[in-house]
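The opening position of the first sequence corresponds to residue 16 in our numbering, with each subsequent residue numbered one higher. For glycine and all other residues, C-beta sits at the position ideal for the given N, C-alpha and C. Quick caveat: nothing in here was measured; it's all calculated off a predicted structure. Below is one structure, written out as structure tokens; comments come after it.
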Amino acid sequence: MARPTTNAPTILHADLDAFYASVEQLLDPSLRGRPVAVGGGIVLAASYEAKRYGVAGGMAGWRARQMCPDLVFVGGHFREYQRLADEVMAVFADFTPDVQRISIDEAFLDVGGSVHLFGSAALIAGRLRTRVREEIGLPVSVGVARTKSLAKIASQAAKPDGMVVVDPACEREFLFPLPVDVLWGVGPVTRRKFAERGIHTVAQLAESPWREQALAPLADERRVRAGGRAGSVGAQSAFGRQFPTDELLAAVLGRLADRVAGRLRAKHRAGRTVTVRVRFAGMRAITRSHTGPNPVAATLTLTETALTLVRQGLADHPDEHQISLLAISVSNLVDQPAVQLDLLGPNTDSTRWALDHSVDAVRTRFGRAAVGYARAALSNQGSVPDEFRELAEHEL
DNA sequence: TCTGGGGTCCTAGGACCC
DNA sequence: TCTGGGGTCCTAGGACCC
Numbered sequence: 016m017a018r019p020t021t022n023a024p025t026i027l028h029a030d031l032d033a034f035y036a037s038v039e040q041l042l043d044p045s046l047r048g049r050p051v052a053v054g055g056g057i058v059l060a061a062s063y064e065a066k067r068y069g070v071a072g073g074m075a076g077w078r079a080r081q082m083c084p085d086l087v088f089v090g091g092h093f094r095e096y097q098r099l100a101d102e103v104m105a106v107f108a109d110f111t112p113d114v115q116r117i118s119i120d121e122a123f124l125d126v127g128g129s130v131h132l133f134g135s136a137a138l139i140a141g142r143l144r145t146r147v148r149e150e151i152g153l154p155v156s157v158g159v160a161r162t163k164s165l166a167k168i169a170s171q172a173a174k175p176d177g178m179v180v181v182d183p184a185c186e187r188e189f190l191f192p193l194p195v196d197v198l199w200g201v202g203p204v205t206r207r208k209f210a211e212r213g214i215h216t217v218a219q220l221a222e223s224p225w226r227e228q229a230l231a232p233l234a235d236e237r238r239v240r241a242g243g244r245a246g247s248v249g250a251q252s253a254f255g256r257q258f259p260t261d262e263l264l265a266a267v268l269g270r271l272a273d274r275v276a277g278r279l280r281a282k283h284r285a286g287r288t289v290t291v292r293v294r295f296a297g298m299r300a301i302t303r304s305h306t307g308p309n310p311v312a313a314t315l316t317l318t319e320t321a322l323t324l325v326r327q328g329l330a331d332h333p334d335e336h337q338i339s340l341l342a343i344s345v346s347n348l349v350d351q352p353a354v355q356l357d358l359l360g361p362n363t364d365s366t367r368w369a370l371d372h373s374v375d376a377v378r379t380r381f382g383r384a385a386v387g388y389a390r391a392a393l394s395n396q397g398s399v400p401d402e403f404r405e406l407a408e409h410e411l
């Protein structure tokens, strides 16, 4: 594909505003104009009215209520989030095939090949916003720029419900006055590090030893690429402070392995590397991993490997008495068609894989709770509904 | 009432091979 | 008798993003 000869911007970053909360306000008109939080024990998303009070995602529910006494909590319509977000992405696809979805509610678009059909990137961005607003009823902010980094920064600057076009001739004028944490990869820790050196804006960073980092958005050459599969699959569970008894480890790891392995099998994938994460009561966390010769996708194999790794990790830290989170992740993924399993011979994982498949089949017909390993089936009350977990899953 | 759950990427050291 | 340097894979930790 020939690249455009002009340097007109062709990259869009489109980001739905306060997505979950906006959907709730769309579904229930009585919530419009009011501070809304999705969640309960923890705030999963906050409307702009709530954000004005300082309410933010990840915040404990009691804290949010403290900051904003009029806050309305809603449980969340997770299926609707997925459905509406998919509809928005379908609108995007009407403008270009080059759509890279990077989460449930945001995407990059390269409209370089569409300008002869629809007009400039800025015009396309405007039409796209209008269509999403009129056909679906949701506000979406769009950034238009020459690079992905700049487009993303522009969409953040456009929020809420706005649009910012960065003229290639004015990129520095746009970027330099902004705070350093607009840069990709600069979070709270790095921002603090810079602040200690008197660096607060991108302009100041550009005059420092980290000049390259400040100018990175201008030099960004990453292309918009459609598709893309996840490189790892994981699940985690936080449970407050608990003593790591055999019962607890078996129950939690069994349930996590069940989720992870089930997702792998559903997509005919398997992974050679198993990683566990243990967070102690004081929030310090460790990881332990193991890479084996054969890809794993069987629930019991994954459970056993995870259990061994967690026990190793605990043994390395005899000073820690309580744990607050366990996680399992599988990486080094490969495709694992069903037929291939028979070629593996009588190893335990392939035998177990076949057993798991009958469990999967029952669940497909009768639902998730219909069947499962005993310990996994027992402790199934998480603090976050499964529907919410599924929203965060990446395409395998 | 302490702090959810899904991911990616980067760094650094060590093992191992050529 | 001493020993270079590059490449790859693995492990552990941490920052960051949505």
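Going by DSSP, HIS305 is part of the beta strand (DSSP E) stretching over 300-311.
Judged by their CB atoms, ALA160 and VAL130 are not nearer to each other than the 8 Å cut-off. Approximately 6 Å separates the beta-carbon atoms of LEU322 and LEU264; this is inside 8 Å, confirming the contact.
If you look at GLU211, you'll find it in the alpha helix (DSSP H) that goes 203-211. Unbroken beta strand (DSSP E) stretches of 3 residues or longer found wholly inside the segment 87-135: 87-89, 114-118, 121-125, given in chain order. Around the beta carbon of GLU121, a 10 Å sphere encloses 16 or more other beta carbons of the protein chains shown; the residue is thus reported as buried. PHE258 sits close to GLN337, with the two beta carbons spaced by under 8 Å. Going by beta carbons, GLN251 and LEU315 fall outside the 8 Å limit. Counting other Cβ atoms within 10 Å of its Cβ, CYS83 reaches 16 or more and is therefore classed as buried. Assignment of HIS28 by DSSP, reduced to helix, strand and coil, places it in the strand class.
Straight through space, the alpha carbons of GLY307 and ARG378 are spaced by roughly 29 Å. Its Cα nearest to that of ALA173, the residue LEU193 stands out among ALA184, LEU193, ARG187, PRO400. As a beta-bridge residue in DSSP terms, VAL53 pairs with ALA60, VAL89. Annotation for ARG292: the continuous beta strand (DSSP E) segment containing it runs 284-295. Just so you know, the alpha carbons of ARG294 and ARG80 end up roughly 28 Å apart. Residue pairing by DSSP places ILE338 opposite GLN257, PHE295 in a beta bridge. For GLY73, the closest of GLY91, ALA52, ALA281, ARG67 by C-alpha to C-alpha distance is ALA52. In this chain, the beta strand (DSSP E) harbouring VAL155 covers 155-160. DSSP lists ARG284 as the beta-bridge partner residues of ASP350. Setting aside the 5 residues that flank it on each side, ARG146 is surrounded in the same chain by VAL106, each with a C-beta closer than 6 Å to its C-beta; the list follows chain order. Scanning its chain for C-beta atoms nearer than 6 Å, with the 5 sequence neighbours on each side dropped, one finds no residue around PRO224. By the neighbour-count criterion, in which a residue is buried when 16 or more other Cβ atoms sit within 10 angstroms of its Cβ, ALA75 is exposed.
Residue range 178-180 is occupied by the beta strand (DSSP E) that includes VAL179. Excluding five sequence positions before and after LEU165, the CB atoms of its chain that fall closer than 6 Å to its own CB belong to VAL181, PRO232, given in chain order. With respect to the 8 Å criterion, LYS163 and ASP85 are not classified as neighbours on the basis of their beta carbons.
Per DSSP, the continuous alpha helix (DSSP H) segment holding TRP77 begins and ends at 76-82. In the three-state reduction of the DSSP assignment, SER170 falls in the helix class.
The alpha-carbon separation between VAL114 and GLY243 amounts to approximately 11 Å.
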